[in-house]
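J.: For the sequence shown, my numbering gives the first residue as 23, with consecutive numbering after it. All C-beta atoms, glycine included, are put in the ideal place defined by N, C-alpha and C.
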Amino acid sequence: MKALFTQKLTVLNAGLASFASNIERAGGEAIAMNWQPPAGGDRKGGLALAELLNQPEIELANQMAMERYLAAQPILVDVMLAGEAIPALLEKKVILHAGPPIAWQEMCGPVQGAILGAILFEQWAEDIEQAESLILAGEVTFEPCHHYDAVGPMAGIISRSMPLWVVENPNNAHERVYCNFNEGLGKVLRFGANSPAVIERLKWMGTELAEAMKAMLVQSGSIELKPIMAQALHMGDEVHNRNAAATGLLLKQIVPALLSTSLPKEQLQRVISFVTANDHFFLNLSMAACKSMLKAAENIPNSTMVTVMARNGVNFGIRLSGTGNHWFQAPANPVNGLFFPGYGVEDAAADLGDSAITETAGVGGFAMASSPAIVKFVGGTPIDATNNSRAMQAITLGGNPAFTLPALNFAPTAAGIDARKVADHSILPIINTGIAHKKAGVGQIGAGITTAPMQCFVDALQYFAALRNNKESI
């Protein structure tokens, strides 16, 4: 016993770092563990997590969800106007937006500005003042894009006359998902701009551009999207904030088909010039492909796999396979990144857009190891990008062998976020994202890295556990 108290003290410290420092100052040795309590220290969340770990039916359900996600083969099959693709948009004045549900009064500046622009585009009002009056009178309804199997970047606005990409998954009963077209950079609707020039561009996209893309698909036939994404990952893209390679690969397929159509030469020149001038053109197709893959994994009872992550500029929302269309929300985290000259944190809107569907599907921030150049846009170093991709392996159900990362010896991207693992390991999903100005119409002012808030996952697990307990008591 005496020897126990006289030998040199060696401690494995799992508490505050200051505990280890005090031991070292007293002459002992302390190894500080990087540990945090599960579920962010939330007691009820921790108890719910404990109930859901090592449950065979949950493991089987997650295996099924993962298998369906991996088997998905998203294919671009058509271009349609939104009202044709989503008939509910024709029944009343409905505008879809990014992220979870939110009321007009609570929306951030870019989303409000984009909605006003959509009202002008649809000619429901003659000016901004009339458009606002229409909203305040309750004549316009707002719903998330995800409620209609659609996605949109940043504000994510979709109204009935806008063109949509139509993506099918033949391995999921040809279920369809939709995404709007990318407008390019500068003053654009997705950042809340609604000037006459923005509206004119939208009109051109809904006519000449949509007509050309529809005619192109008649000539080319359907276009498989996963092979483009997979190759782009080997060429320096992560297919969220960097799509230069993917857009180039898409161009190789669509230009010959466009030239085979009977469209006027001048129209083709305008269309091809528009696409080649916008490295982000493929982003919207990447989002639709990811939505298609995750839709295949939806609505599997007992599955804790995350099928949606989305932000509306105020709140961040997630959905789980086993809880259907139920949203779990928390205030969106700030974005830590690089700002364009003249702008700073005080100018930024909160995290915004449906484009986190890419991370939900295992690319974007999860695939940053394949895109070392992205750090010049979002901040950090190439080592940070690689570490982010590695860290995501701890919170996912497995990897996607269709998407591999050369920098990690061609390891598959981490995929299939498990809400239980997020809470258990206290590791949050990484998202790389653009930063919008908090005022409508200013546009993008930077880019950076953010994470999903832990509270979403804690709430989801508590709801999930309660749902299971209620079923067992029936």
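Output the residue ranges of the alpha helix (DSSP H) runs that lie fully inside the segment 150-228 and measure 4 residues or longer, sorted by chain position.
T.: DSSP runs (the alpha helix (DSSP H)) wholly in the segment 150-228: 150-158 and 218-226.
J.: Inspect the CB distances between the segment 198-216 and the segment 169-181 and report whether three or more fall short of 8 Å.
T.: Yes, they touch.
J.: Apply the 10 Å Cβ neighbour rule to phenylalanine 432 and answer buried if 16 or more other Cβ atoms are within range, or exposed otherwise.
T.: Phenylalanine 432 is exposed by the Cβ-count criterion.
J.: For alanine 279, which option in Ala234, Gly270 and Ser314 has the closest C-alpha, if you only look at C-alpha atoms?
T.: Checking every option, the nearest Cα to that of alanine 279 belongs to Ala234.
J.: Rounding to the nearest angstrom, what Cα-Cα distance links asparagine 216 and glycine 463 in this structure?
T.: Cα-Cα distance, rounded: 7 Å.
J.: Whole beta strand (DSSP E) runs in the segment 321-379 with 3 or more residues, listed along the chain?
T.: Listed in chain order, they are 328-334, 337-342, 350-353 and 358-361.
J.: Please list the segments of the beta strand (DSSP E) lying wholly inside the segment 53-124, counting only runs of 3 or more residues, in order along the chain.
T.: Whole beta strand (DSSP E) segments, 3+ residues: 97-103 and 116-119.
J.: Drop a sphere of 10 angstroms on the beta-carbon of proline 428, count the other beta-carbons inside from all chains shown, and report buried for 16 or more, exposed for fewer.
T.: Counting Cβ neighbours within 10 Å, proline 428 comes out exposed, since fewer than 16 surround it.
J.: If you follow the beta strand (DSSP E) that asparagine 454 is in, where does it begin and where does it stop?
T.: Looking at the DSSP string, the run of the beta strand (DSSP E) that includes asparagine 454 is 452-458.
J.: Among Leu271, Phe338 and Thr455, whose alpha-carbon lies nearest the alpha-carbon of isoleucine 245?
T.: The shortest C-alpha separation from isoleucine 245 is found at Leu271.
J.: So phenylalanine 425 is in the beta strand (DSSP E); what residue range does that whole segment cover?
T.: Looking at the DSSP string, the run of the beta strand (DSSP E) that includes phenylalanine 425 is 418-427.
J.: Shortest alpha-carbon distance to glycine 160 belongs to which of Gly135, Val116 and Gly131?
T.: For the residues Gly135, Val116 and Gly131, the minimum Cα distance to glycine 160 belongs to Val116.
J.: For isoleucine 108, tell me which candidate among Ala72, Asn76, Pro185 and Ala42 has the shortest Cα-Cα distance.
T.: With distances taken between Cα atoms, isoleucine 108 lies closest to Pro185.
J.: Distance check for leucine 273 and threonine 298, CA to CA, integer angstroms please.
T.: In a straight line, the C-alpha of threonine 298 is about 8 Å away from that of leucine 273.
J.: Let's test the definition: count the other Cβ atoms within 10 Å of the Cβ of glutamine 134 and tell me whether it reaches 16, buried, or not, exposed.
T.: Glutamine 134 is buried by the Cβ-count criterion.
J.: Determine whether the beta carbon atoms of alanine 310 and proline 96 lie at a separation below 8 Å.
T.: Going by C-beta atoms, alanine 310 is nearer than 8 Å to proline 96.
J.: With a cut-off of 8 Å, do at least 3 Cβ pairs link the segment 327-335 to the segment 281-299?
T.: Contact between the segment 327-335 and the segment 281-299 is absent, because fewer than three Cβ pairs lie under 8 Å.
J.: Run through the DSSP bridge pairs and tell me what isoleucine 245 is partnered with.
T.: In DSSP, isoleucine 245 forms a bridge with Leu98.
J.: Could you tell me the distance, in whole angstroms, from the CA atom of aspartate 481 to the CA atom of leucine 82?
T.: Roughly 22 Å between the two C-alpha positions.
J.: Does the structure place the segment 280-291 close enough to the segment 258-266 that three or more beta carbon pairs sit under 8 Å?
T.: With a cut-off of 8 Å, the segment 280-291 and the segment 258-266 do not count as touching, because too few Cβ pairs lie within range.
J.: So, is threonine 229 buried or exposed, given that buried needs 16 or more other C-beta atoms within 10 angstroms?
T.: Flag for threonine 229 reads exposed.
J.: Taking 6 Å as the limit between beta carbons, can you name the residues of its chain near phenylalanine 304, skipping five residues before and five after?
T.: Within the same chain, phenylalanine 304 has close Cβ partners Asn265, Ala268, Thr269 and Leu272.
J.: Where DSSP assigns a beta bridge to proline 394, which residues make up the other side?
T.: Answer is none; proline 394 lacks a bridge partner.
J.: Does the distance from the C-beta atom of glycine 50 to that of lysine 66 stay below 8 Å?
T.: Not closer than 8 Å, so no.
J.: Can you name the residues that DSSP bridges to isoleucine 471?
T.: For isoleucine 471, which the question treats as bridged, DSSP gives the partners Asn358 and Asn454.
J.: Using a 10 Å radius around the Cβ and a threshold of 16 neighbouring Cβ atoms, would you call glutamate 128 buried or exposed?
T.: Glutamate 128 should be labelled exposed.
J.: Can you list, in chain order, the residues of its chain with a C-beta nearer than 7 Å to that of glycine 420? Leave out the 5 residues immediately preceding and following it.
T.: The answer, listed in chain order, is Met88, Ala437 and Gly438.
J.: Which one or two residues does DSSP pair with proline 434 in a beta bridge?
T.: BP columns for proline 434 point to Thr426.
J.: Could you give the DSSP three-state label for glutamate 144: helix, strand or coil?
T.: Looking at glutamate 144 - three-state DSSP - the assignment turns out to be coil, as it is neither helix nor strand.
J.: With burial defined as no fewer than 16 other Cβ atoms inside 10 Å of the residue's Cβ, what is the status of threonine 382: buried or exposed?
T.: Per the 10 Å Cβ criterion, buried.
J.: Going by DSSP in three states, aspartate 440 sits in which element: helix, strand or coil?
T.: Aspartate 440: strand per DSSP, three-state reduction.
J.: Please report how far the alpha carbon of isoleucine 53 lies from the alpha carbon of alanine 441, in whole angstroms.
T.: Their Cα atoms are separated by approximately 30 Å.
J.: Determine the DSSP secondary structure at threonine 403, reduced to helix, strand or coil.
T.: Looking at threonine 403 - three-state DSSP - the assignment turns out to be coil, as it is neither helix nor strand.
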